Amino acid sequence: MTEFLRTPEDRFLDLPNYPFSPNYVPIEGYRMHYLDEGDPKAKETVLLLHGEPSWSFLYRKMLPPLIEAGFRVVAPDLIGFGKSDKPIDRKTFTYKRHVEWLKSFLEKSNLTGITLFCQDWGGLLGLRAVAEEPERFLRICASNTFLPTGDIPPKEDFLKWRDFSQKVKSLPIGKIIQNGCISDLPKDVLAAYDAPYPDETYKAGARVFPTLVPITPDNEASADNRKAWEILRQWKKPFLTAFSDSDPITKGGEIFFRRAIPGAKGQKHTVISNAGHFLQEDKGEELAGVLIDFIRSNGV
């Protein structure tokens, strides 16, 4: 465990439409935050995984419909994000270690029978967890995400984003979220995305994430992702894609999943209209409806 920062609680007071109680679990000496809402004894558990540089606040529009549908809903903050502890040394963060942290969270929270919803890095990590512990998962819904191996060159839009994230003096978290949305976000919502980061020292995780994406075949994460694809190409459990129509970085990526994963066959794949990269912000309620229908249509 390396030195870390813990965002003061008063930074999270009066967040808009985020009345949820905090929960914490120790992971390798760090405190990992998560939401655990709905009936804890519900037959269905939905796991919502966020990406870069958001946190569980991103899912505030999806949580109420999922809870009302009778599901248990769990939404963690990745280490380095949201209300979770934030190591200050960038070297602490590796792709593999993030996967191990997520797997530890699943084990300590005793989560099984999971329907996974994953967006952005939530997919890069969640799909690895699925491949390494498939028995925990019943269904997968992938949204504006992928599982890169570096064998396909990255899009220019991603390279521009990665370059910007490393060179900008102050990483503007709220503005990044806004730029990834079609809708205009209110000031209090933008402030909520900035809340976990009182200053730049808290942003090591957010800073390093873009550099961890495997964009060359010899990346240290590429081999593990190829192994994960071997499992996913045999995945026969239900697999749904729900991408948006206005995300330049991931647009078209859903085709890879539909062609490669057996469980995607016959599913009601959808494209969410008028939504950007952070489609949970633009069309959260609609997205929750898609997820509810997916679960109910694929009882296992």
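So for the sequence shown, our numbering puts the first residue at 427; every next one is plus one.
Where a beta carbon is used, it is the ideal one built from N, C-alpha and C, also for glycine.
These figures come from a predicted structure and were not determined experimentally.
{"query": "Roughly how many angstroms lie between the CA atoms of E559 and P643, to the nearest whole one?", "result": "24 Å"}
{"query": "Of the choices E454, P490, I675, whose alpha-carbon is the least far from that of E711?", "result": "P490"}
{"query": "Applying the 10 Å Cβ sphere with the 16-neighbour rule, what's the burial state of N605?", "result": "exposed"}
{"query": "Work out the CA separation of N536 and L484 for me, nearest whole Å.", "result": "24 Å"}
{"query": "Do the stretch 548-566 and the stretch 590-597 meet, that is, are 3 or more Cβ pairs less than 8 Å apart?", "result": "no"}
{"query": "Near T428, what residues of its chain come up, given a Cβ to Cβ distance below 6 Å and the 5 sequence neighbours on each side ignored?", "result": "P513, D515, T518"}
{"query": "Which residues in the same chain have their Cβ closer than 6 Å to the Cβ of T571, if we skip the five residues on either side of it in sequence?", "result": "C544, Q545, D546, G549"}
{"query": "If contacts are defined as beta-carbon pairs under 8 Å, then I608 and G725 qualify, I think. What distance do you get, rounded to the angstrom?", "result": "About 34 Å separates the two Cβ atoms, so there is no contact after all."}
{"query": "Using the Cβ count rule (16 or more neighbours within 10 Å means buried), how would you classify P612?", "result": "exposed"}
{"query": "Return the Cβ separation of M488 and A714 in integer angstroms, given the expectation that the two are a contact with Cβ distance under 8 Å.", "result": "4 Å"}
{"query": "Is it true that the CB of A568 sits closer than 7 Å to the CB of F683?", "result": "yes"}
{"query": "Taking DSSP as the reference, what is the three-state secondary structure of Y485?", "result": "helix"}
{"query": "Say whether the stretch 495-510 touches the stretch 576-586, bearing in mind that this needs 3 or more beta-carbon pairs closer than 8 Å, one atom from each stretch.", "result": "no"}
{"query": "When the Cα atoms are used, what is the spatial distance from S676 to S596?", "result": "A quick correction: the sequence has Thr, not Ser, at residue 676. Cα to Cα, the separation comes out at about 25 Å."}
{"query": "Which residues bound the beta strand (DSSP E) around F563?", "result": "563-569"}
{"query": "Report the three-state DSSP secondary structure of A701 (helix, strand or coil).", "result": "coil"}
{"query": "At which residues does the beta strand (DSSP E) containing E463 begin and terminate?", "result": "456-463"}
{"query": "Span of the alpha helix (DSSP H) holding N651?", "result": "648-658"}
{"query": "Between I599, E494, N443, Y623, which has its C-alpha nearest D436's C-alpha?", "result": "Y623"}
{"query": "Within the chosen definition, does the stretch 654-667 reach the stretch 693-708 through at least 3 CB pairs nearer than 8 Å?", "result": "yes"}
{"query": "Which value, in whole angstroms, describes the spacing of the CA atoms of I540 and K534?", "result": "14 Å"}
{"query": "Alpha carbon to alpha carbon, how far is R457 from Y743? Give it in angstroms, no decimals.", "result": "Because the chain is modelled from 427 through 726, residue 743 falls outside the range shown and cannot be assessed."}
{"query": "At the level of alpha carbons, what is the spacing between L528 and L638?", "result": "16 Å"}
{"query": "Hey, how far is the Cα of R722 from the Cα of V716?", "result": "10 Å"}
{"query": "Classify N651 as buried or exposed, calling it buried when 16 or more other Cβ atoms lie within 10 Å of its own Cβ.", "result": "buried"}
{"query": "In this structure, how does DSSP classify Y628 when only helix, strand and coil are distinguished?", "result": "helix"}
{"query": "Between I641 and L551, what straight-line distance do the alpha-carbon atoms span, to the nearest angstrom?", "result": "16 Å"}
{"query": "Please report the straight-line C-alpha distance between L616 and G600, rounded to a whole angstrom.", "result": "5 Å"}
{"query": "For E656, count neighbouring C-beta atoms within 10 Å of its own C-beta (all shown protein chains included) and say buried if the count is 16 or more, exposed if not.", "result": "exposed"}
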